[in-house]
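Chemist: Please see the structure below; I have some questions.
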Amino acid sequence: MIRRLLLLVTPFLAAAFVNGARADDTVYIDVQISPSNIVLGLDKGAAVTVHTDIAFSTVDRNTVALSGLAPYLTKADITGNLVAKFRQSEVEAILSPGVAALTLTGLTQDGLTFEGADSIRVIADPAPPVPNGLTFSNGQPAAVKTLRVMPAQTLTQVEVDHILFMREEEKLARDVYIAMYDLWGVRVFDNISRSEQNHMDAIKNLIDTYGLSDPVVDDTPGVFTNGVFGDLYAQLTTQGSGSLVDALGVGAYIEDLDIVDLRNALSEVDCQCVVQVFENLEAGSCNHLRAFVQLLTAQGETYTPEFLTQDDFDAIIDGAQGGPQGPNGQQFQQQRRQNRLQPMKRQRARDWYGN
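Take any residue in the sequence shown, count from 1 to its spot, add 113: that is its number in this note's numbering.
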């Protein structure tokens, strides 16, 4: 069964004292995850109130990044309730009614890494939330008021084409990994198929927000509107059935393709909501590629990139280039904007979805 990561995010401005200092420009985000068991080991998804001092940056090793920012998480209860802080001006500049992106990354107490990406809905002038007992270092409750946000951007046809194309490409990845897990029973395929479901859901949020027609009219594995993906599904599942090494190679191939397609799409996308979602999906795909390549290495095998350049592939595997939030994020963004969509990819996307 595919578990979904559902994120309910309520932005609000808290004028209160944090560690004795006035924090009039701080926005607190209450993030409720339900069910939360997709984030390693979180059980059953019952939400709880977080009581903690929001000023500490090292209370928990987990971090939450909203719209490309990197604030500190004050506490992560095992039931999945998180509270993080942001500057009001930074959030106002990024959040808009519609969809923004949320990425969860971190370490469990056992030292295992986890990651999950999804979209969050933002409502203009939301009703003021209840503080739920949130207090600060001086013991005073948060004073809460609504955070206003700007209207959502209008999509171009090119952006629409990319959203619809990537919706089915993420489905391709999910469907193939489900088949590989059923065949080989190796946990990585199950884990990453769940992540791909999150990627599909993130793009579905964009589709719903902007009133687009979802190309996934039948969610059955192997069924696609775009015949290109149907052909790829048949080819890759056949190839992955030969051996476990073949299946891991198929996984690396899919992530290789996905990263390049997302980077190419980002070169033609300007809408901030779409950029945020695609960048988070790309960061997840870089993690997935590393996972498959590491498992291939453990089997005494190597993977040669089919779509990425060797330099870009090496940077990802070495962990030096993990998307816009990676160590080389600024350089990465500059390189990404210099890319141009491959002619075949542009033709495919517009043939199937464009006008």
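Backbone N, C-alpha and C define an ideal beta-carbon position, used for all residues, glycine too.
All values derive from a computational prediction rather than experimental measurement.
Taking a contact to mean a Cβ-Cβ separation below 8 Å, would you say E272 touches C399 in this structure?
Modeler: no
Chemist: Beta-carbon separation of I291 and S308 under 8 Å?
Modeler: no
Chemist: Please look up how many angstroms separate the CB atoms of Y323 and L268, rounded, as I've assumed it's under 8 Å.
Modeler: 5 Å
Chemist: DSSP three-state label for S356, please.
Modeler: coil
Chemist: Among M293, H312, F302, Q270, which one has its Cα closest to the Cα of E282?
Modeler: H312
Chemist: Around the C-beta of D344, are 16 or more other C-beta atoms found within 10 angstroms, so that it is buried, or is it exposed?
Modeler: The residue in question, D344, is exposed, as its Cβ has fewer than 16 Cβ neighbours within 10 Å.
Chemist: Under a Cβ-count criterion, where at least 16 other Cβ atoms within 10 Å of its own Cβ denotes burial, should V330 be classed as buried or exposed?
Modeler: exposed
Chemist: Once the 5 residues before and after W465 are set aside, which same chain residues still bring their CB inside 6 Å of it?
Modeler: Only weak support exists for where W465 lies, its pLDDT of 42 falling under 50; the coordinates are left without a value.
Chemist: Are M293 and A360 closer than 8 Å when you measure CB to CB?
Modeler: yes
Chemist: Quick check on G432: does DSSP put it in helix, strand or coil?
Modeler: When DSSP states are grouped into helix, strand and coil, G432 belongs to the coil group.
Chemist: In three-state DSSP terms, what is C384?
Modeler: coil
Chemist: For a minimum of 4 consecutive residues, which ranges assigned as the alpha helix (DSSP H) are wholly contained in the segment 309-366?
Modeler: 340-353
Chemist: To the nearest angstrom, report how far apart L325 and I372 are at their CA atoms.
Modeler: 24 Å
Chemist: Return the Cβ separation of Y416 and G353 in integer angstroms, given the expectation that the two are a contact with Cβ distance under 8 Å.
Modeler: Not a contact, Cβ separation roughly 13 Å.
Chemist: What three-state label does DSSP hand Y294 in the structure shown?
Modeler: helix
Chemist: Have a look at D369 and V387 and give me their C-alpha separation to the nearest angstrom.
Modeler: Computed Cα separation, rounded: 21 Å.
Chemist: Where does A365 land, buried or exposed, given buried means 16+ other C-beta within 10 angstroms?
Modeler: buried
Chemist: Compute the Euclidean distance between the alpha carbons of I276 and I429, then round it to the nearest angstrom.
Modeler: 24 Å
Chemist: Is the beta carbon of G335 closer than 8 Å to that of D288?
Modeler: If you check the CB distance, D288 and G335 come in under 8 Å.
Chemist: Rank D332, E381, V358 by C-alpha distance to the C-alpha of T410 and give the top, closest one.
Modeler: V358
Chemist: Can you tell me whether T410 is helix, strand or coil according to DSSP?
Modeler: If DSSP states are grouped into helix, strand and coil, T410 belongs with the helices.
Chemist: Taking the Cβ atom as the reference point for each residue, do I320 and D327 lie within a distance shorter than 8 Å?
Modeler: yes
Chemist: Just to confirm, is the Cβ distance from L408 to V301 under 8 Å?
Modeler: yes
Chemist: Note down the Cα distance separating V382 from D295, rounded to an integer number of angstroms.
Modeler: 36 Å
Chemist: Between E414 and I316, what straight-line distance do the alpha-carbon atoms span, to the nearest angstrom?
Modeler: 34 Å
Chemist: So what's E419 in DSSP terms, helix, strand or just coil?
Modeler: coil
Chemist: Please go through the same chain and pick out, in chain order, the residues whose beta-carbon is closer than 6 Å to the beta-carbon of W297, but skip the five residues on each side of it.
Modeler: L357, A360
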